[in-house]
Amino acid sequence: MLHCRCTSPPDLTGPDVRDQFVRRSWAPCVPCRAVTSSSTTASTLVVIPAFGSPELTDAVVHDLCRDGNDLDPDVRIVVVDNAGDYVLPQGRISVHRPGRNLRWIGAANWALETSSREGHAVCVVLNNDIRLSPGFLDGLLAPFSTTDDIALAAACYDDFWLHQRAHTIPSTAAEYVPRDVLRDVDFCDGTAIAFAVPAVVELGGLDEVTFQRHGYGADIDLAIRVRAARLRCVVTEGAYVSHLRRQTMNRTGQSSEGNRAEILDGLNAKWGDTWRANVGLGPDSFPAHNVGSGASWYLSPPVW
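Quick note on numbering: full-length UniProt numbering labels position 61 of the sequence shown as 61, and the sequence is numbered without any gaps.
What follows is the structure in structure tokens.
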């Protein structure tokens, strides 16, 4: 079951190399607010995995700089350059070149391991094919400052999963109006997700053995383990992303059916026939040639 703290109905319309710290070489990025430290108390590592398509990564970097996140002493931002050719356009941001394609799941685990080693309380992983709402990072991190039982928090969006869709979908992420609404959900999509580092590291992070290709299904698997540990997965309406979808898939030759197979093969192998019900999904979820989730995928359609 999916629950939420509001009553309005949904609008269903090779080896690593050392980090390279690159300071801004263009005109400075002026934040839209004065920056001293984050409005949350958590020290945070933000990681953007990228493989080519530098214009997409540039846009995410721009959105973070727009809000002054690169100037926040409590925030460290790193682009994981899996293709090894990214040139940072702006911002006090690191570029990590691992010398091979870590894929999403490998980059996310690198982020978790680095966060744990450096003492960050929260780790955020952002796809590079998204745009961020104003004040995005503060909105995404805010739930962690109110309670200590949240392990995973995701932004709402305009994409696949109905339980994560924004109450109202704006024309652009820049037009999104945040709401002080927190939804308790059974799992969070990895498109724009925050991890409580100590808890998630203790649970073993993301399973790269079972989900070997890109990591599709690893977010659901982690959520099952999180909830079995009596911790929470939440979606916040305080942060929003618009997702371009398929940008990395198209570049790396992934197919929707291959991604579906990774999800089903991995989750079936780990959890047998029980995993769908464990995350509020019905037996008809993940049909062949699917193009998106629908109310029929859920045991109980999302209501918020």
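Each residue gets a CB set at the ideal place from its N, CA and C atoms; glycine is no exception. Computed from a prediction, not measured in an experiment: that's the story for all the values here.
Flag D129 as yes if its beta-carbon sits less than 8 Å from any beta-carbon of chain D, otherwise no.
-> Among the chains of the structure shown, chain D does not appear; only one protein chain is present.
Tell me which same chain residues have a C-beta within less than 6 Å of the C-beta of N69, skipping the five on either side of it?
-> Start at 1 with the first residue of the sequence shown, and residue 69 comes out as number 69. So the list reads V75 and L137, once near-sequence residues are dropped.
Please work out which residues of its chain come closer than 7 Å, Cβ to Cβ, to S217, disregarding the five sequence neighbours upstream and downstream, and give them in chain order.
-> Sequence index remark: in the sequence shown, residue 217 carries index 217 (1-based). In the sequence on display, residue 217 carries Gly and not Ser. These residues qualify, in order along the chain: F211, E262, I263, G266 and L267.
Quick one: does the C-beta of V201 sit closer than 7 Å to a heavy atom of the ligand MN?
-> No copy of the ligand MN occurs in the structure displayed, which carries no ligand at all.
Can you give me the start and stop residues for the alpha helix (DSSP H) that R276 sits inside?
-> Here the question's residue 276 lines up with position 276 in the sequence shown. It spans W275 to N278 - the alpha helix (DSSP H) in which R276 sits, taken as one unbroken run.
Alpha-carbon to alpha-carbon, Y240 and P178 | For the purposes of this step, residue 178 is taken as residue 178 along the sequence shown, with counting starting at 1. For the purposes of this step, residue 240 is taken as residue 240 along the sequence shown, with counting starting at 1. Answer to the nearest angstrom: the Cα atoms are 8 Å apart.
Three-state class that DSSP yields for V237 in the structure shown = What you label residue 237 is simply residue 237 of the sequence shown in a count that begins at 1. Looking at the sequence itself, residue 237 is Glu, so the reference to Val does not match. Three-state DSSP puts E237 in a strand.
Where V209 and R276 are concerned, what is the direct C-alpha to C-alpha distance, given to the nearest angstrom?
-> Working through the sequence shown from its first residue, we reach residue 209 at position 209. Working through the sequence shown from its first residue, we reach residue 276 at position 276. Their Cα atoms are separated by approximately 21 Å.
So G295 packs on L162, CB below 8 Å; how close in whole Å?
-> Translated into positions along the sequence shown, residue 295 becomes position 295. Translated into positions along the sequence shown, residue 162 becomes position 162. According to the sequence displayed, residue 295 carries Ala and not Gly. Their Cβ separation, rounded to whole angstroms, is 7 Å, which keeps A295 and L162 in contact under 8 Å.
Out of A108, L126 and L112, which has the shortest C-alpha to C-alpha gap to L56?
-> Counting from 1 along the sequence shown, the entry for residue 56 is found at position 56. For L56, the nearest C-alpha among the options comes from L126.
Which residues in the same chain have their Cβ closer than 6 Å to the Cβ of P283, if we skip the five residues on either side of it in sequence?
-> As a first step, residue 283 must be located in the sequence shown, where it is residue number 283. Around P283: no qualifying Cβ.
Which whole-angstrom value describes the C-beta separation of A151 and C233, a residue pair presumed to lie in contact below a C-beta threshold of 8 Å?
-> Along the sequence shown, one-based indexing puts residue 151 at 151. Along the sequence shown, one-based indexing puts residue 233 at 233. With 8 Å as the limit, A151 and C233 qualify as a contact, their Cβ atoms being about 7 Å apart.
For T44, name the three-state secondary structure that DSSP assigns.
-> Within the sequence shown, the letter at position 44 stands for residue 44. Looking at T44 - three-state DSSP - the assignment turns out to be strand.
What does A153 pair with, by DSSP beta-bridge criteria?
-> Residue 153 sits at position 153 when you count from the first residue of the sequence shown. Residue pairing by DSSP places A153 opposite A194 and V234 in a beta bridge.
Name the residue from Y176, L244, V197 and D148 whose alpha carbon lies nearest to the alpha carbon of R230.
-> The residue labelled residue 230 in the question sits at position 230 within the sequence shown. Closest by alpha carbon: D148.
In terms of alpha-carbon separation, which member of R165, V80, W104 and D186 lies closest to H243?
-> Here residue 243 is taken as the residue at index 243 of the sequence shown, counted from 1. Measuring from the Cα of H243, the nearest candidate turns out to be R165.
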